[in-house]
Amino acid sequence: MIMNKRWIQLFVFIFYQNIIFAQIIIQGRIEDMEGEAIISSNVLFKDPSNSPEIKEFTIAKNGKYTIELKKKYKKILIEVISNGYIKERYIIENPEQDKKYTINFVLKEASTTSLDEIIVVARKKPIVVKKDTVVYNISSYKDESDRKIQDVLTKLPGIEVNSETGEIKYKGKGIKTVLLEGDNLFGGNYVLGTKNINVDMVSQIQAIEHYSENPLLRKIENTDDVVLNLKLKKGKFNFTGNYDVGVGLFSNKTKALDLNGNLLGITKNYKSFATLSFNNIGINNSPFDYFGFQSDVFKNIEKEYYAQKIITEKKFSSFLESEKNNFNNQYFVNYNTNFRIGKNMNIKANFYYLNDEIANNKSINNRYIIDDGSFVTEDTLSTKKRPKQFRTDFSLNYMLAQNKLLEYLVRASYESINTSSSIISNDYNNYNSLLSSQNDYMRHKLIYTEKISDNKAFQFTLFGSKNSIRQNYNIKEVNSENNEQLDEKIQLVDNEKEVIETQLKFFNVVSYNKKISLLLGGIINNNEIDSELFDVYDDSVNNKNDITLKNYDLYQAGEYKYSYNKWVFLPEYSAHFF
0 MIMNKRWIQL FVFIFYQNII FAQIIIQGRI EDMEGEAIIS SNVLFKDPSN SPEIKEFTIA
60 KNGKYTIELK KKYKKILIEV ISNGYIKERY IIENPEQDKK YTINFVLKEA STTSLDEIIV
120 VARKKPIVVK KDTVVYNISS YKDESDRKIQ DVLTKLPGIE VNSETGEIKY KGKGIKTVLL
180 EGDNLFGGNY VLGTKNINVD MVSQIQAIEH YSENPLLRKI ENTDDVVLNL KLKKGKFNFT
240 GNYDVGVGLF SNKTKALDLN GNLLGITKNY KSFATLSFNN IGINNSPFDY FGFQSDVFKN
300 IEKEYYAQKI ITEKKFSSFL ESEKNNFNNQ YFVNYNTNFR IGKNMNIKAN FYYLNDEIAN
360 NKSINNRYII DDGSFVTEDT LSTKKRPKQF RTDFSLNYML AQNKLLEYLV RASYESINTS
420 SSIISNDYNN YNSLLSSQND YMRHKLIYTE KISDNKAFQF TLFGSKNSIR QNYNIKEVNS
480 ENNEQLDEKI QLVDNEKEVI ETQLKFFNVV SYNKKISLLL GGIINNNEID SELFDVYDDS
540 VNNKNDITLK NYDLYQAGEY KYSYNKWVFL PEYSAHFF
């Protein structure tokens, strides 16, 4: 069956503000006892019930500060800190929503003591703001319990880390990647770096807003991308590594293992990071979540190019943390490298291999009381999942001239998941199932960028991808008393998606606060689904589906950005012809 549809779609958005509307605005002045404005102060916002934790912050310059709070508070503790002055606090009880508060502070100079001899040790400020970059000094936040970068990230104000997936948000917005000394070593798979890089190797973490990875488009394209950049300590160049060994015993006397080794190599033209790990204590050292099937960062970036699994994979759930309920046997290997050849060529490659075995057992007992009678139901569920994945990413950047850049990106991945499940209901009927899924993905992307002048550039992109998913689902019903097979059904599904897309984009900076971008593109989307469901014991039950969906989309879009102080007006439109 082929479905074609032609129609025109038009969207117009008038404007928006680049800061999400907060519910509470706090502003004020910070002065000394003489009424003079203090040049620079840190203004921290906390929850009084957990005062060591900084929820949000701002920098007061020339005695003035203002902030729109993005989090909810029952009480707000405001702390003002400035070098040479005594710290001041103020608590707002039961803050009202959509209200502007003006809180002024007068700081007293810190008292001095005359000493015969002193040794001055200058401590770095915890936070330094430089235009679109906020610099966090790690030494101000880490303690002895912190081992990896992710441990410290959870303590930094303005940064949130998803404990399950490792995904990072800065000021409520998901970051694009994590750089290492300015180079994008990990790509979208930044979780590997934050989960495995030793915190003792890093001196600073920089949060960079409005980041453009393409050097020719910096300060030209309109981007809201955010990245984190890890700055290494002096002397941490060349090659360094670490390993962790954890050994113990489970209650059944079998070995509990947690083995992890990392190698970091950095020279002038070469950067690499490798990790090798094995554990059977429920820890997921990879960026792929096969326990709860949380969306990984990879597929979120290009999700419109992936086919969808028709038969849903088994998700494990528990009231406990996944580490306490995840019985695994995980091997994970990863290697990332980025090196320069001469002044004009840069090559990056990433390799991933995962082999795991996840087991989960549940017992559900229900007792029903009806009038004077009662009965009990009992279900025992046992599931074992065996995922394997191999994936490689490759990119080549070549500067054809000072104002011309050619990029070629390739991604290839293979995934295999075998999930066996057994359900025993009331110690009688036993339902056994086996789901086998294979997933192949290949993507090519060619990008040409030319900078026409300091304020103008254009970019041409050619994209092609193919994703094939094959699934085989077998379910049997067996009598637990005599092991007699009562029923068996099989479902087969093949889902294949191919995408070809091309784009031409023009960028123009009209003035320091005005930008224009125009886009012309076309996409061909071909999706084919074949499925079959049949009953082994009944030939008359045999359902087949053969579906083909082809979509052709020619589109044109435009965007005008006007900035005024903290406001951004962004009229934009898009027109589609399907």
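Just so we're aligned: 87 in numbering that gives the first Met the number 0 is position 88 of the sequence shown, and the numbers increase by one with no gaps anywhere.
Ideal Cβ placement from N, Cα and C applies to all residues, glycine included.
Keep in mind that this is a model prediction, so the values were computed, not measured.
Between the alpha carbons of Gln26 and Ile77 lies a distance of about 11 angstroms. Counting only the Cα atoms, Asn197 lies some 28 angstroms from Lys130. Assigned with DSSP and collapsed to three states, Met32 falls in coil, not helix or strand. Non-local C-beta neighbours of Lys107 in its own chain, meaning closer than 7 angstroms and more than five positions away in sequence, comprise Met32, Tyr84 and Ile85, ordered along the chain.
Around the beta-carbon of Ala400, fewer than 16 other beta-carbon atoms lie within 10 Å, marking it exposed.
Taking 9 angstroms as the cut-off, the beta carbon of Phe331 is found closer than this to the beta carbon of Tyr351. Under the DSSP assignment, Lys69 falls outside any beta strand (DSSP E); it carries neither an H nor an E label. When secondary structure is reduced to three states using DSSP, Ile148 falls in the helix class. Secondary structure note for Asn337: its beta strand (DSSP E) is the uninterrupted segment Gln329 to Ile340. Here Ala556 has Leu518 and Ser573 as same chain residues with Cβ atoms under 6 angstroms from its own Cβ, once five neighbours each way along the sequence are excluded. When rounded, the separation of the alpha-carbon atoms in Lys384 and Lys465 is 26 angstroms. The beta carbons of Ser276 and Leu256 sit about 10 angstroms from each other, so the pair does not count as a contact at 8 angstroms.
C-alpha of Gln437 to C-alpha of Lys172: approximately 33 angstroms in a straight line. Here the alpha carbons of Leu445 and Asn524 stand approximately 18 angstroms from one another. Bounds of the alpha helix (DSSP H) holding Thr193 are Val190 to Asn195. Linking Tyr407 to Glu527 through their CA atoms gives a straight-line distance of about 28 angstroms. For Ser573, the enclosing beta strand (DSSP E) begins and ends at Glu571 to Phe576. One thing to note: Ser81 has its Cβ within 9 angstroms of the Cβ of Ser39. Residue environment: Gln307 is assigned as exposed (fewer than 16 neighbouring CB atoms within 10 Å of its CB, all protein chains considered).
In the DSSP secondary-structure assignment, Tyr210 is not bridged to any residue.
Taking the Cβ atoms as the reference, Phe315 lies roughly 5 angstroms from Phe290, within the contact range of under 8 angstroms. The residue from Lys475, Lys504, Leu395 and Lys488 with its alpha-carbon nearest to that of Ser539 is Lys488. DSSP, reduced to helix, strand and coil, places Pro47 within a helical segment of the structure shown. In the three-state DSSP reduction, Ser276 falls in the strand class (E or B). Going by beta carbons, Leu503 and Thr460 fall inside the 9 angstroms limit. Sixteen is the threshold: when 16 or more other Cβ atoms of the shown chains lie within 10 Å of the Cβ of Lys175, as they do, the residue is buried. Excluding the 5 residues flanking it on each side, Lys455 has same chain C-beta neighbours closer than 7 angstroms at Phe506 and Asn507, in chain order.
Within 10 angstroms of the beta-carbon of Gly186 lie 16 or more other beta-carbons, which makes it buried.
The stretch 215-229 makes no contact with the stretch 238-252, as fewer than three CB pairs between them are under 8 angstroms. Scanning its chain for C-beta atoms nearer than 6 angstroms, with the 5 sequence neighbours on each side dropped, one finds around Ser562 the residues Asn512, in chain order.
Sixteen is the threshold: since fewer than 16 other Cβ atoms of the shown chains lie within 10 Å of the Cβ of Gln96, the residue is exposed. The residues Leu491 and Lys543, in chain order, have a CB closer than 6 angstroms to that of Glu531 in the same chain once the five nearest residues on each side in sequence are set aside. Around the beta-carbon of Tyr367, fewer than 16 other beta-carbon atoms lie within 10 Å, marking it exposed. C-alpha of Asn337 to C-alpha of Glu212: approximately 14 angstroms in a straight line. For Tyr413, the secondary structure class from DSSP, reduced to helix, strand or coil, is strand.
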